[in-house]
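Quick note, the sequences are listed as chains A and B, same order. Under this note's numbering, the first residue of the first sequence carries the number 500, and numbering increases by one thereafter. Under this note's numbering, the first residue of the second sequence carries the number 500, and numbering increases by one thereafter. The beta-carbon is built from N, C-alpha and C at its ideal position, and this holds for glycine as well. Since the model is a prediction, treat every value here as computed from it, not as a measurement. Below you'll find the structure, written out as structure tokens, and then a few comments.
Protein chains: 2
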Amino acid sequence: MITDKLIDGIIGMQNPTCVGLDTLFDYLPDDMKEGVTTFEGVAERVFDFNKKLIDTLYDIVPSVKVQIAYYEMYGVAGMKAYEETLKYATEKGLVVIADAKRNDIGSTASCYAKTFLGETKVNNLSLKAFPADYVTVNGYLGTDGIAPFVEECEKNEKGIFVLVKTSNPSSGELQNLVLENGKPVYEYMGNLVEKWGESTIGQYGYSAVGAVVGATHPTEASLLRKALPHTFFLIPGYGAQGGNAEMLKSCFGANGLGGVVNNSRGILTAYKKNGGTYYEAARKAAIAMQEDLSKTIGVMKK
Amino acid sequence: MITDKLIDGIIGMQNPTCVGLDTLFDYLPDDMKEGVTTFEGVAERVFDFNKKLIDTLYDIVPSVKVQIAYYEMYGVAGMKAYEETLKYATEKGLVVIADAKRNDIGSTASCYAKTFLGETKVNNLSLKAFPADYVTVNGYLGTDGIAPFVEECEKNEKGIFVLVKTSNPSSGELQNLVLENGKPVYEYMGNLVEKWGESTIGQYGYSAVGAVVGATHPTEASLLRKALPHTFFLIPGYGAQGGNAEMLKSCFGANGLGGVVNNSRGILTAYKKNGGTYYEAARKAAIAMQEDLSKTIGVMKK
């Protein structure tokens, strides 16, 4: 059960961190960018960069989140680098989150679910397209856009994270609208998530259907933590977006569990601020983040 | 201005239709599927199928919508077929809608916007990843997740369609929730869309920021048509999903303009029901749809 596996990793490393491999080509050191004039060239260098980062981090962080936008923007070759990154991270034992925020009507959602969490049929064969442990999804279309993902979660021990309260400044525009019953939209979405997860609750009490809850919105996070006892949180917004350990503390329960905190730019581009090689700087930044989080959240335990 | 171009095509052909190239491998005739055992094989056949369909339809339909899920599920090779399909449809003069329902925080939305509507920087070069005329987007994250798309629309004469009231059965779960001011969520989203489009209104009075409004929900469509005078609609749900011409009539104004109606399965798989080659059957189905729509909507004019 994938959320159990993720939590095992978090407890083992005492680190509820997810490194975001949002590897914009511009983030690479100048010598790695030199002479590149094609998407194929970009894809090769981006994968090299990711591979070295994964090699440097997999013993101290339990998971990575790979944001598909930063690969798709380099065309077909970029998607090849995406596939290779997912596979390499999986090989190294990391829990891999495909950050794709997919959403569509049932028949199409079923294709997306198979793409990231299952297998695609080709005549009598079943092949994998972009295999990950989790994929992020957007619930604006309601249950029949989410059910095909939950089905793959049940079948293949996979998971999803549904957008509930996102980390960006204007997230409140729609998500904080107040309904006629006095509750905000994000809480309603959170309750749907809790319900969607009912069939997949693991040994730690969390389901395979998690929620995206931004570190930048502590009030909402606190309300959601209480309202959604079986929902594990993917928490973006730490670092570059302005979130910090104190702000996201309320996402975690008394046993130090409840979520995984993403950091992308703060790890990938640490070398630009602190010097050294990109991978040494990334490791230092990841260690500093682990210390910051564990100091604030406390010991993570069963 | 892209919505003007789309409307010119609609008026010229008296056909407010968009053919959905949701080309599931299983939709192909048996002889095209035979012997295929890899994603590369699938991609080649799917593109051949699309190419022939485009050749058969481009003189009678003004636009195509290419649903990315049906390509991504065939991995990197599938994405190559996606790129080729977008490019070939563009070459033939069709208005091309990338149906990708992208959504993310501002910095990431900016990558998606460049991927589909603009150019990606690689050192001193600018290259195109998956170039289309429109991309569909999901507005759950609010203005700062949409603004980067609008920026590319302004810069490159491109457009977007934002999910407002989707065609699927459970779309009401979130979209029809009533806010404390007595209005439903979908209307609030629609009003945001109208506002996002303000800077891009063309000669027909419609902006480059359109709305997805399902043919399956006539009451909501009618309300939205009145509330959003400058918003052009992308109308899914005709045919296989249960929508018909009468149900979507209220999306159109007195001059027969106001939206473009998508049909995917009803065109792609017409041969399975009516016999003949897939492309002849598709052309007949497209002609029947044109007659059905124009009879109900009336003459489309300036």
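Taking Pro630/B as reference, the option from Glu651/B, Tyr526/B and Pro561/B with the minimal CA-CA separation is Glu651/B. By DSSP's assignment, Gln566/A forms a beta bridge with Asp598/A. Contact with chain B is absent for Ala707/A, since none of that chain's Cβ atoms lies less than 9 Å from the residue's Cβ.
For Val760/B against Pro561/B, the beta-carbon gap comes to about 11 Å, at or over 8 Å, which does not count as contact. Distance from the CA of Asp791/A to the CA of Ser669/A, rounded to the nearest whole angstrom, comes to 27 Å. Taking every protein chain shown into account, the CB of Thr584/B has 16 or more other CB atoms within 10 angstroms, so this residue is buried.
Rounded to the nearest angstrom, the Cβ distance from Arg724/A to Ser749/A is 6 Å, consistent with a contact under 8 Å.
Only buried fits Ala542/A, as 16 or more other CB atoms lie within 10 angstroms of its CB. Spatial neighbours of Glu697/A in its own chain (CB-CB distance under 8 Å, excluding positions within 5 residues in sequence) are listed in chain order as Ser706 and His729. For Lys551/A, the uninterrupted alpha helix (DSSP H) segment begins and ends at Phe538 to Leu556. Interface flag for Met578/A against chain B is set, since a Cβ pair is found closer than 9 Å. Any Cβ of chain B closer than 9 Å to the Cβ of Ile604/A would place that residue at the interface, and such an atom is present. Counting the other Cβ atoms within 10 Å of the Cβ of Ala753/A gives fewer than 16, which makes it exposed.
In the DSSP assignment, Cys652/B falls within the unbroken alpha helix (DSSP H) covering Thr642 to Asn655. In summary, Asn549/B is buried, with 16 or more beta-carbon neighbours lying within 10 Å of its beta-carbon over all protein chains present.
Going by beta carbons, Lys564/B and Ile596/B fall inside the 9 Å limit. If you compare the alpha carbons of Gly736/A, Gln566/A, Asp547/A and Ala588/A with that of Tyr557/A, the shortest gap goes to Ala588/A. Look at the beta carbons and you see the segment 521-541 of chain B not touching the segment 681-699 of chain B: under three pairs across the two are nearer than 8 Å.
Taken in chain order, the complete alpha helix (DSSP H) segments of 4 residues or longer contained in the segment 701-772 of chain A are 717-726, 744-747 and 764-767. Tyr777/B: not part of any beta strand (DSSP E); member of the alpha helix (DSSP H) spanning Tyr777 to Ile796, first to last residue. Following the DSSP letters along the chain, one finds Leu662/A inside the beta strand (DSSP E) bounded by residues Gly658 to Lys664.
For the set Asn623/A, Gly758/A and Tyr777/A, the Cα lying nearest the Cα of Leu527/A is the one of Tyr777/A. Inter-residue distance for Glu719/A and Gly758/B is about 38 Å (C-alpha atoms, whole angstroms). At a cut-off of 9 Å between C-beta atoms, Arg601/A counts as an interface residue with respect to chain B. Interface flag for Glu679/B against chain A is set, since a Cβ pair is found closer than 9 Å. Separation of Asp521/A and Phe751/B (C-alpha to C-alpha, rounded to the nearest whole angstrom) is 42 Å. Counting along the chain, the unbroken alpha helix (DSSP H) around Val575/A starts and ends at Gly574 to Glu590.
Excluding the 5 residues flanking it on each side, Asp643/A has same chain C-beta neighbours closer than 6 Å at Gly605, in chain order.
In the three-state reduction of the DSSP assignment, Gly534/B falls in the coil class.
When rounded, the separation of the alpha-carbon atoms in Leu523/B and Ala780/B is 17 Å. The Cβ atoms of Ala580/A and Arg601/B lie no closer than 9 Å to each other.
By alpha-carbon distance to Lys620/B, the top candidate from Ala769/A, Tyr703/A and Tyr573/A is Tyr573/A. Going by DSSP, Thr607/B is part of the alpha helix (DSSP H) stretching over Gly605 to Leu616.
Separation of the CB atoms of Ile645/A and Val636/A is rounded to 6 Å, and the pair is thereby assigned contact status at 8 Å. Taking each of Ile509/B, Lys504/B, Met500/B and Ala576/B in turn and checking the Cα distance to Lys800/B, the smallest one comes out for Ile509/B. Within a 10 Å sphere around the beta-carbon of Lys613/A sit 16 or more other beta-carbons, which makes this residue buried.
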